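Residue numbers (numbering that gives the first Met the number 0): 0 to 493.
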Amino acid sequence: MEVERVQAIASFSIPADTIPAEFIRPETEQPGITTYHGPVPEIPTVDFGDPDQENLVRMVSDASREWGLFQIVNHGIPNEVIEKLQKVGREFFELPQEEKETVARKPGVNSFTIEGYGTNLKKGDEKKSWVDFLFHNIWPASRVNYQFWPKNPPAYREANEIYAQHLKGVVDKLLKTISQGLGLEGNAIKDAVGGEELEYLLKINYYPPCPRPDLTLGVPAHTDMSVVTVLVPNEVPGLQVFKDDRWFDAKYIPNALIIHIGDQIEILSNGKYKSVLHRTTVNKEKTRMSWPVFCSPPAEMVIGPLPQLVIEDSPSKEANEIYTQHLKGVVDKLLKTISQGLGLEGNAIKDVVGGEELEYLLKINYYPPCPRPDLTLGVPAHTDMSVVTVLVPNEVPGLQVFKDDRWFDAKYIPNALIIHIGDQIEILSNGKYKSALHRTTMNKEKTRMSWPVFCSPPTEIGPLPQLVIEDSHSKYKTKKYKDYEYCKINKLPH
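Next up, the structure:
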């Protein structure tokens, strides 16, 4: 399937005051309406070369706590290294379209990766974003796949590898400073997110000139899933930060790096440091570009609040292990009951999803108070990819379910477990049981938390033959769970 790139759309001879409807955001998101134009507080700027380590720790700690975003100067990366990184990135996007497509993501071929050249695809009623991009890992060496690195311009590889070498030193120092600001040993954060296996994923964002920048966004409001994100901007402003109920522009500082505190630091710090809500606007006359590097733990790592930062009445490791033991009995009984409800033998579902190899993935969701819960979501609308999900909520409501064309709140019942039928049960039952469409809202004054456990198979999944009636065809394809997961995450047909 050929994908229409935003760069190509921007070059069309469309009227100067219009953009395609699929790019026009609701009024509650349009930057022309929602951007604050009054006096703007300045995002903190930190002198990263400050010889006074105590002062540096204090500056980073204050910025991480109050903003979740700051700019660093005197960071030690030579200006010419950054200039070469930017130069080869610009030159890549100036190549003929067919050459850029040689490093594009190819659904069904490049499984389990977001690397490659691409454009955000629209799903359902979602709006498109005014951006094309290129993703590829730059560190560690074991995660680098040169298949997704452009061969042109010829200097591309060298420029990116030199930048990665310098960046690693900056990130090591940054994580040490963040650890010390939390009262921890210098290596505490780095060790908790994978040490030398911390993964560096570069994204080059290309935002071409847009006839109506007041109506659309380059990237909609979000927080980064990373530990930290280190961003190199170009000279065209566009980054906006949400603070004190307002969206305002981040000032461009030449040669500065912009640091985003990501979701993983918020989780590790038990909410002491905040993951920043931000978005990207576009320009009517100029091309904006940015080079964020998302520093993230290896996929198999479990991330949770550091024990040193958890208050005494929080769950201990022992409590989590005891919960897991009890949960397994609940899930076994649940799968047996589901099987029997479908007219099958009691172990039919459990056996087909891996038996004792069924995987239990715990996620701890931490939703801090949000000044404008009417404008954003904790988790957008989705169904779970799991077989079943077993969720423990806290007392702050937030789960919403879509039924009969409406979103409604799920009532909190003390000591109850919330069971989500996942996509794999819908597939196995050939559509007899439905995976629930749900989302999560937030609270203006209270912190909401939840503890879902996603029970997922290690095996190939398809409709059970017993449930595919003779005069009907199977409604779902049989495929490996990892293939299904990849397609769903990347919004591909599944």
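Yeah, the Cβ is synthetic: ideal placement off N, Cα and C, and Gly gets one too. These figures come from a predicted structure and were not determined experimentally.
S141 counts as exposed, since fewer than 16 other beta carbons sit within 10 angstroms of its beta carbon.
In terms of CA proximity to P38, D248 leads the group I71, D248, F132 and N54.
Ranked by Cα distance from P153, the first of K175, R89 and D51 is R89.
Beyond the five residues adjoining it in sequence on each side, I264 comes within less than 8 angstroms, by CB distance, of S63, I177, I188, V226, V227, Y272 and S274 in the same chain, given in chain order. Contact check for V87 and Y199: beta-carbon distance about 17 angstroms, past the 8 angstroms limit, so the pair fails to qualify.
Within the DSSP secondary-structure output, H36 pairs in no beta bridge. One alpha carbon belongs to V45, the other to A409, and they sit about 44 angstroms apart. A straight line joining the alpha-carbon of Q29 with that of P50 spans about 43 angstroms. A distance below 7 angstroms between beta-carbons, with the five flanking residues on each side excluded, links L374 to the following residues of its chain, in chain order: T27. DSSP, read as helix, strand or coil, puts V2 in coil. For Y162, the uninterrupted alpha helix (DSSP H) segment begins and ends at Y155 to G180. In this structure, F92 places its C-beta atom within 8 angstroms of the C-beta atom of Y205. Residues L427 and L463 of the same chain have their beta carbon placed closer than 7 angstroms to that of V351, with the five preceding and five following residues left out of the count. Collapsing the DSSP output to three states places Y366 in a strand.
When R245, R211, W290 and R278 are compared, the shortest CA-CA separation from E234 is found for W290. Counting along the chain, the unbroken beta strand (DSSP E) around M288 starts and ends at R287 to S295. For I260, the closest of G185, I252, K327 and L174 by C-alpha to C-alpha distance is L174.
G354 counts as exposed, since fewer than 16 other C-beta atoms from the protein chains shown sit within 10 angstroms of its C-beta. For a cut-off of 8 angstroms, the C-beta gap from V386 to I424 is around 6 angstroms, short enough to register as a contact.
In the same chain as A255, and ignoring 5 residues on each side of it, the C-beta atoms closer than 6 angstroms to its own belong to Q70 and V72, in chain order. According to the DSSP assignment, R64 belongs to the alpha helix (DSSP H) that extends over Q52 to E65. In the DSSP assignment, K189 falls within the alpha helix (DSSP H) that extends over A187 to A191.
Here the C-alpha atom of M58 lies approximately 21 angstroms from the C-alpha atom of C294. Nearest to F453 by C-alpha distance, out of N429, I418 and K431, is I418. For R405, the enclosing beta strand (DSSP E) stretches over residues R405 to D408. Residue pairing of Y359 in beta bridges, as defined by DSSP: C454.
By a beta-carbon distance limit of 8 angstroms, F401 contacts L436. Their separation comes to about 4 angstroms. The DSSP-derived three-state label of I426 is helix.
When the alpha-carbon of S10 is set against those of V143, E284, E394 and G421, the nearest one is in E284.
When the alpha-carbon of G328 is set against those of G340, Y359 and Q307, the nearest one is in Y359.
Nearest to W66 by alpha-carbon distance, out of T286, F132, P40 and F47, is P40. Take the alpha-carbon of K431 and the one of D403: they are about 17 angstroms apart. Note that the C-beta distance between T286 and L238 is not below 8 angstroms.
Here N269 is near P304, since their CB atoms are less than 8 angstroms apart.
Within the stretch 234 to 304, the complete beta strand (DSSP E) segments at least 3 residues long are 238 to 242, 245 to 248, 256 to 260, 277 to 279 and 287 to 295, listed from N- to C-terminus. By the CB criterion at 8 angstroms, G75 and G48 fall inside the cutoff.
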